[in-house]
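Q: Mind looking over this structure? Questions follow.
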Amino acid sequence: MTCCIFVLMKTIPFYKYQGTGNDFIIIDNRQHIFDKNSTHKIEKLCDRKFGIGADGLMLLENHDQLDFTMVYYNADGNESTMCGNGGRCLVHFAQHLGIVQDKASFEAIDGIHHAHLYANGEVSLQMSNVSSLQVFDGHVFTNTGSPHHVQLTDNVEHTDVVSQGRHLRNTLYGKEGANINFVEPQGGNLFKVRTYERGVEDETLSCGTGVTAVALAMHHTQQTDDHQVQLRTPGGDLKVKYQPTPGGYKDIWLTGAATQVFKGEVLI
Ligand SMILES: N[C@@H](CCC[C@H](N)C(=O)O)C(=O)O
Numbered sequence: 100m101t102c103c104i105f106v107l108m109k110t111i112p113f114y115k116y117q118g119t120g121n122d123f124i125i126i127d128n129r130q131h132i133f134d135k136n137s138t139h140k141i142e143k144l145c146d147r148k149f150g151i152g153a154d155g156l157m158l159l160e161n162h163d164q165l166d167f168t169m170v171y172y173n174a175d176g177n178e179s180t181m182c183g184n185g186g187r188c189l190v191h192f193a194q195h196l197g198i199v200q201d202k203a204s205f206e207a208i209d210g211i212h213h214a215h216l217y218a219n220g221e222v223s224l225q226m227s228n229v230s231s232l233q234v235f236d237g238h239v240f241t242n243t244g245s246p247h248h249v250q251l252t253d254n255v256e257h258t259d260v261v262s263q264g265r266h267l268r269n270t271l272y273g274k275e276g277a278n279i280n281f282v283e284p285q286g287g288n289l290f291k292v293r294t295y296e297r298g299v300e301d302e303t304l305s306c307g308t309g310v311t312a313v314a315l316a317m318h319h320t321q322q323t324d325d326h327q328v329q330l331r332t333p334g335g336d337l338k339v340k341y342q343p344t345p346g347g348y349k350d351i352w353l354t355g356a357a358t359q360v361f362k363g364e365v366l367i
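Residues 100 to 367 (my numbering) make up the sequence shown, in order.
Below, the structure is given as structure tokens:
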């Protein structure tokens, strides 16, 4: 007896975005065109050889009261915690779809976010309040929507971000992991940052929740007195401003460029 197995394939539209070199596949999922339960499919779409290639994939979905809902997956295919650069790109995409104009409000996994869009292509995203920063010998740990380890280094360009980041992510943070940021103060309120991202399991060119964690950690440990700092990543510059509270920070805004790179259709 012969038996046939039919695998139904279809094409869906997608957009490719980047925010300071942190790159994402974005899908308009308001009509539920995307099967959210296929970790393997998402991993394959993000694969730089077998798919489109990206650090993560995001879905824009409907929301009852706000402009939209953000759903974020890391390149390994797993849904993860907040992505700051992704959030900025998704706001830009919402403007492209005509859902928002110069401001937006949306819900992500860590709560409600507000954003402003500027004519120069930059997006400012309000990040979740931070209620605690833990200072250890040689590093700070905090959660800016995603968990971050912040470590000072004398020479960030010569730091082996992948092997040191991978080692710290696995030995200090176990299965759940954390993102590992290496920072070198440049004087004034400028800091150079490189990040090893969990879920990508590699260095990315920039990480929005990461530079936010770095800015707060640098202020918390008196590396700067300013309430606004500039973060220089391999993918470009970001700004973070914030207001200190007892033990934490509020009114935290992440600002930088968000760019649509191309759009296409993919077989899934
Ligand atoms: N690149 C992101 C962070 C994405 C989530 C992270 N990989 C995690 O799983 O914690 C950003 O811009 O914040």
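For every residue, glycine included, the Cβ atom is placed at its ideal position computed from N, Cα and C.
Considering Cα atoms alone, identify which of S137, M181, R297 and E256 is closest to G307.
A: Of the candidates S137, M181, R297 and E256, the one whose C-alpha sits nearest the C-alpha of G307 is M181.
Q: Terminal residues of the continuous beta strand (DSSP E) containing H247?
A: Here the beta strand (DSSP E) through H247 covers P246 to L251.
Q: Below 8 Å on the Cβ atoms is my guess for M157 versus I125; work out the distance and round it to an integer in Å.
A: With a Cβ gap of about 5 Å, M157 and I125 count as contacting.
Q: Thinking C-beta only, is L330 closer than 9 Å to V292?
A: Yes.
Q: What is the rounded straight-line gap between the Cα of Q233 and the Cα of G185?
A: Rounded to the nearest angstrom, the two C-alpha atoms are 26 Å apart.
Q: Exposed or buried, what is N254 when buried is set at 16 or more other beta-carbons lying within 10 Å of its beta-carbon?
A: Burial call: exposed.
Q: Are the CB atoms of Y348 and V239 within a distance shorter than 9 Å?
A: In this structure, Y348 does not lie closer than 9 Å to V239 by Cβ.
Q: For D350 and G334, I'd like the C-alpha separation in whole angstroms.
A: Each residue's alpha carbon lies about 25 Å from the other.
Q: Between the Cα of Q263 and those of E296, D209 and S231, spot the shortest distance and give me the residue it belongs to.
A: The shortest C-alpha separation from Q263 is found at E296.
Q: I'd like to confirm the pairing. Which residues does DSSP put opposite I124 in its beta bridges?
A: Bridge partners of I124: K115 and L156.
Q: Where G276 and A356 are concerned, what is the direct C-alpha to C-alpha distance, given to the nearest angstrom?
A: Rounded to the nearest angstrom, the two C-alpha atoms are 28 Å apart.
Q: Suppose you measure from the CA of Y341 to the CA of T354; what does that come to, to the nearest Å?
A: Distance between the alpha carbons of Y341 and T354: 12 Å.
Q: Note the first and the last residue of the continuous alpha helix (DSSP H) segment covering A174.
A: Element bounds for A174: n/a, residue is neither H nor E.
Q: Rounded to the nearest angstrom, how far is the Cβ of S204 from that of H215, given a contact under 8 Å?
A: S204 to H215, Cβ: 11 Å. No contact.
Q: Specify, as a first and last residue, the run of the beta strand (DSSP E) that F361 falls within.
A: F361 -> beta strand (DSSP E) spans T358 to L366.
Q: Give me the Cα-Cα distance between M169 and I208, rounded to the nearest whole angstrom.
A: Their backbone Cα atoms lie some 8 Å apart in a straight line.
Q: Which same chain residues, not among the five before or five after D336, have their C-beta less than 8 Å away from its C-beta?
A: Cβ neighbours of D336 beyond the five flanking positions: T119, Q329, L330 and G355.
Q: Report the start-end ranges of each beta strand (DSSP E) in the segment 200-233 that is 3 residues or longer and not cut off at the edges.
A: Entirely contained in the segment 200-233, the beta strand (DSSP E) runs reaching 3 residues are, in chain order, 202-207, 210-216 and 221-226.
Q: When DSSP labels each residue in this structure, what does F281 get in the three-state scheme?
A: Strand.
Q: Can you list, in chain order, the residues of its chain whose CB lies under 7 Å from that of T138, leaving out five sequence neighbours each side?
A: These residues qualify, in order along the chain: G176 and N177.
Q: Applying the 10 Å Cβ sphere with the 16-neighbour rule, what's the burial state of A392?
A: Residue 392 is absent from the structure shown; the chain starts at 100 and stops at 367.
Q: Please indicate yes or no: does the CB of G307 lie closer than 8 Å to some heavy atom of ligand 1?
A: Under cutoff, so the answer is yes.
Q: N173 and V299: beta carbons closer than 9 Å?
A: Going by C-beta atoms, N173 is nearer than 9 Å to V299.
Q: Rounded to the nearest angstrom, what separates H319 and T311 at their Cα positions?
A: For H319 and T311, the distance between alpha carbons rounds to 12 Å.
Q: Pick helix, strand or coil for T323, following the three-state DSSP scheme.
A: Of the three classes helix, strand and coil, the one that applies to T323 here is coil, per DSSP.
Q: Short check: CB of H212 to CB of S227, under 9 Å?
A: Taking 9 Å as the Cβ cut-off, H212 and S227 qualify as a contacting pair.
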